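For the sequence shown, the working numbering assigns the number 122 to the initial residue and increments by one for each residue that follows. For each residue, glycine too, the CB sits at the ideal point set by N, CA and C. The structure presented is a predicted model; accordingly, all values stated were derived computationally and were not measured.
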Amino acid sequence: QACDNGDCPTPCQWSAWSDWTYCSATCGGGEQSHSRTVAVAAAGGGAECTGECSETRQCGSAACPTNCQWSEWGHWSTCSTECDGGMMSKTRTVAAQATNGGAVCAGGNEDFEACNVHDCVDPCDWGDWNQ
Numbered sequence: 122q123a124c125d126n127g128d129c130p131t132p133c134q135w136s137a138w139s140d141w142t143y144c145s146a147t148c149g150g151g152e153q154s155h156s157r158t159v160a161v162a163a164a165g166g167g168a169e170c171t172g173e174c175s176e177t178r179q180c181g182s183a184a185c186p187t188n189c190q191w192s193e194w195g196h197w198s199t200c201s202t203e204c205d206g207g208m209m210s211k212t213r214t215v216a217a218q219a220t221n222g223g224a225v226c227a228g229g230n231e232d233f234e235a236c237n238v239h240d241c242v243d244p245c246d247w248g249d250w251n252q
């Protein structure tokens, strides 16, 4: 076709795709997108641009880390002695283990405390005989 009068068909041309955006999540699933624009519009009967002007894709699909979690402390045990100082204890368990690089449980699973620290009194501690 002769284009002497300036009406040559000009096909649409897309710009280059932009860089992908940052992922919306570092773990657990996110999205990112990129886009493009019409750099040269179709003219003179030229072909229109086809395709999408933006694309979205999934990203950050790695599992998120979870930290270890302790259960609540149990009740104190009974004291090991009635006097002269004994010990009582309480325990807890790991309710959820750390996963995917999460923090491990800190501290122990058992706690101790002194109890009944008073002196024992012998109920049969007789005094001296009176004369």
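Host beta strand (DSSP E) of residue i (start-end)
i	result
Gly207	Gly207 to Thr212
Gly151	Gly151 to Ser156
Glu203	Per DSSP, Glu203 belongs to no beta strand (DSSP E) and is neither H nor E.
Gln179	Ser175 to Cys180
Asp128	Segment: none, Asp128 is in no beta strand (DSSP E) and carries neither H nor E.
Ala216	Val215 to Ala217
Ala160	Val159 to Val161
Under 8 Å between C-beta atoms of residue i and residue j
i	j	result
Trp197	Arg213	no
Val242	Cys226	no
Gln153	Cys185	no
Gly172	Asp128	no
Chain-order list of residues whose beta-carbon lies under 6 Å from that of residue i (same chain, five-residue window excluded)
i	result
Gly167	Pro130, Thr131 and Pro132
Residues near residue i by beta carbon distance below 7 Å, same chain, minus five either side
i	result
Ala183	Cys148
Val238	Gly206
Own chain partners of residue i with C-beta closer than 8 Å, once the 5 adjacent residues on each side are dropped
i	result
His155	Trp138, Ser139, Asp140, Trp141, Thr142, Ser175 and Glu176
Glu203	Asn237 and Cys241
Phe233	Met208, Met209 and Ser210
Arg157	Trp135, Ser136, Ala137, Trp138, Ser139, Cys174 and Ser175
Gly228	Trp191
Thr199	Met209
Inter-residue Cα distance where the pair is residue i and residue j
i	j	result
Thr220	Asn188	7 Å
Ser145	Arg178	11 Å
Ala235	Trp250	38 Å
Ser201	Met208	5 Å
Trp135	Gly150	30 Å
Glu193	Asn230	10 Å
Ala160	Glu169	12 Å
Gly222	Ala162	51 Å
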